[in-house]
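Visitor: The structure is given below, and queries will be raised subsequently.
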Amino acid sequence: MVEIKNLKKAVSRILKAIKNKEKIILYGDADLDGVAAVIILEEAIKNLGSEVRAIYFPDREIEGCGISEKGLNYLTRQLFKKGAGRALLIALDCGIGNFKEVKIAKKLGFEVIIIDHHQVLDELPEAKIIVDPYQKGDKYPFKGLAAAAISFKLVELLLKTMLTENLRKNFLELVALATIADMMPREEENKIFIEEGLRSLENSWRPGIRAFFEIEGFNHYLNLNQKVSKIISLLNIRDLENNFPAPFRLLTLPSPEESKELIGKLLLKSLERKEKIEKIIKEIEELRASLASAKASAIEEEISQSKESIIFMGSPEWEFTLISPVASNLCQKYQKPAFIFKKLEKESQGTVRVPSGIDSVALMKKCSKYLLTYGGHPLASGFRIKNENLEKFKKCLLTNYESNRITNKNNKQKNS
């Protein structure tokens, strides 16, 4: 049976760390997929009689996505009294594009394992072990797994016969939610994960999930798919407490009462979030419709004509956690690639959504000389860029996107 490349190596290294009582840190992306991947691995390690010394999720508004220098420094202060030491850091749903940060982690004394599912760029970070179906030499046939699914596969090998049927169901509930939330293709293994995971969702052992189905009004949704969509939308809300995002707190709470209280808080926040998203979309649409008023806008980026083939806009006023749903909405509505970014003092952090048939990572690769980092999936990705390069990046995207469109159009005409 073909395994994901280096999966067994990662299992062996984690078992060695448990045996030698090494410090184990889990560093996950703050979205539902990253959170689910972390929870699955942490609970598996607990089932093996060990513990995770620290869990860290980056604050996307401050640190962006992936491993951050701020996060590494925080962990160093928490774990090592003299500012340096030895620990095994396992990055989940992030890390594959963090070349600089992995080097910093090594200098600080962390041995790094990367468990990721994002597309690999031209090179790999200097991690000890990398598990990513997209890396060169990986013969695993299905590349569309969520990070939580890869974490589950890792845990299957870690626990072996200790993975009881109840524990398996418990983990697959998280895998199903993460797979849907991260918009992974609903085919092959993912189809099985989703079917099995959703089957036991309403009777979940996990209080944070079960609480949804016990809340008055929640069951007015017509079917399970609608309920799942609502659960995912609430778990995507930015709500940090003690560095832990809402999905992690909710999915690890011990009682239904505490879970219902947090869900109530998230429901209120969801209304505020919806209003903010609609406001940003309206702002962008007004700017696209009226080039004459663009200079008077709060948006600092020069606005292109509405006829351009991509949507490329940013502002220092927009919350980073809101730009992904904004980009998704605009991409779906106008069927154009949407590059939406939050502008900071010297850099901008952006998110990309593209229509089916376009590879956003491949498109950015052609313009990578203007970027600090980039990566993700064909239909959904992200980037970080110096503000001085924004206009050059935009022009490069337009040139390459138009060139590809003309080539594809000509090929279709030849084949017809």
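At position 405 of the sequence shown the residue is numbered 486 (the numbering used here), and the sequence of numbers has no breaks.
Heads up, the beta-carbon is just placed ideally off N, CA and C, and yes, glycines get one too.
Kindly list the residues whose CB is nearer than 6 angstroms to the CB of Asp-197, restricted to its own chain and excluding five residues on each side of it in sequence; keep chain order.
Guide: Position 116 of the sequence shown holds residue 197. Contacts found: Gly-176, Ile-177 and Asp-213.
Visitor: In the DSSP assignment, what are the bridge partners of Thr-454?
Guide: Within the sequence shown, the letter at position 373 stands for residue 454. According to DSSP, Thr-454 bridges with Arg-465.
Visitor: Could I get the ranges of all uninterrupted beta strand (DSSP E) runs contained in the stretch 147-206, with 3 residues as the minimum, in chain order?
Guide: 168-173 and 191-196
Visitor: Under DSSP, the beta strand (DSSP E) around Phe-325 begins and ends at which residues?
Guide: The sequence position of residue 325 within the sequence shown is 244, counting from 1. It is not in any beta strand (DSSP E) - Phe-325 carries neither H nor E in the DSSP assignment.
Visitor: What would DSSP say about Thr-245, mapped onto helix, strand or coil?
Guide: Along the sequence shown, read from residue 1 onward, the residue named residue 245 stands at position 164. Residue state, collapsed to three classes: coil.
Visitor: Could you tell me the alpha carbon to alpha carbon distance between Val-236 and Arg-465, rounded to whole angstroms?
Guide: For the purposes of this step, residue 236 is taken as the residue at position 155 of the sequence shown. For the purposes of this step, residue 465 is taken as the residue at position 384 of the sequence shown. Taking the CA atoms as reference points, Val-236 sits about 32 angstroms from Arg-465.
Visitor: If we count the other Cβ atoms within 10 Å of its Cβ and call it buried at 16 or more, is Pro-139 buried or exposed?
Guide: The sequence position of residue 139 within the sequence shown is 58, counting from 1. Buried, by the Cβ-count rule.
Visitor: CA-CA distance, Cys-146 and Glu-428?
Guide: Here residue 146 corresponds to residue number 65 of the sequence shown, with the count starting at 1. Here residue 428 corresponds to residue number 347 of the sequence shown, with the count starting at 1. So the two alpha carbons sit approximately 14 angstroms from each other.
Visitor: Could you compute how far the alpha carbon of Ile-439 sits from the alpha carbon of Glu-297?
Guide: Walking along the sequence shown from the start, residue 439 turns up at place 358. Walking along the sequence shown from the start, residue 297 turns up at place 216. Straight across, the Cα-Cα distance linking Ile-439 with Glu-297 is about 42 angstroms.
Visitor: Suppose you measure from the CA of Phe-474 to the CA of Tyr-451; what does that come to, to the nearest Å?
Guide: Counting from 1 along the sequence shown, the entry for residue 474 is found at position 393. Counting from 1 along the sequence shown, the entry for residue 451 is found at position 370. So the alpha carbons of these two residues sit roughly 6 angstroms apart.
Visitor: In the DSSP assignment, find the alpha helix (DSSP H) that holds Arg-500 and state where it starts and stops.
Guide: Only positions 82 to 497 of the chain appear in this structure, which leaves residue 500 out of reach.
Visitor: Measuring only the C-alpha atoms, how far is Ala-292 from Leu-334?
Guide: As a first step, residue 292 must be located in the sequence shown, where it is residue number 211. As a first step, residue 334 must be located in the sequence shown, where it is residue number 253. In a straight line, the C-alpha of Ala-292 is about 11 angstroms away from that of Leu-334.
Visitor: If we ignore side chains and look at the alpha-carbon of each, how far apart do Lys-272 and Asn-304 end up?
Guide: As a position in the sequence shown, residue 272 is number 191, starting the count at 1. As a position in the sequence shown, residue 304 is number 223, starting the count at 1. Using only the alpha carbons, I get a separation of about 18 angstroms.
Visitor: Just to confirm my understanding: we take Phe-329, look at its own chain, exclude 5 residues before and 5 after, and list those with CB closer than 6 angstroms. What are they?
Guide: As a first step, residue 329 is located in the sequence shown; it is residue number 248 there, counting from the start. Once the five neighbours on either side are set aside, the close Cβ partners of Phe-329 are Val-116.
Visitor: Thinking just about the alpha-carbon of each residue, which of Tyr-415, Val-433, Lys-414 and Ser-371 is nearest to the one in Gly-395?
Guide: Mapped onto the sequence shown, residue 395 falls at position 314. Comparing alpha carbon positions, the residue from Tyr-415, Val-433, Lys-414 and Ser-371 closest to Gly-395 is Val-433.
Visitor: Using a Cβ-Cβ cut-off of 8 angstroms, state whether Asn-468 counts as contacting chain D.
Guide: Protein chains in the displayed structure number just one, and chain D is not present.
Visitor: Closest to Glu-322 by CA distance: which of Phe-223, Leu-248, Glu-366 and Leu-347 is it?
Guide: Numbered from its first residue, the sequence shown carries residue 322 at position 241. Ranking Phe-223, Leu-248, Glu-366 and Leu-347 by Cα distance to Glu-322 puts Leu-347 first.
Visitor: Can you grab the Cα-Cα spacing for the pair Leu-113 / Glu-367, in whole Å?
Guide: Along the sequence shown, one-based indexing puts residue 113 at 32. Along the sequence shown, one-based indexing puts residue 367 at 286. Roughly 32 angstroms separates the two Cα atoms.
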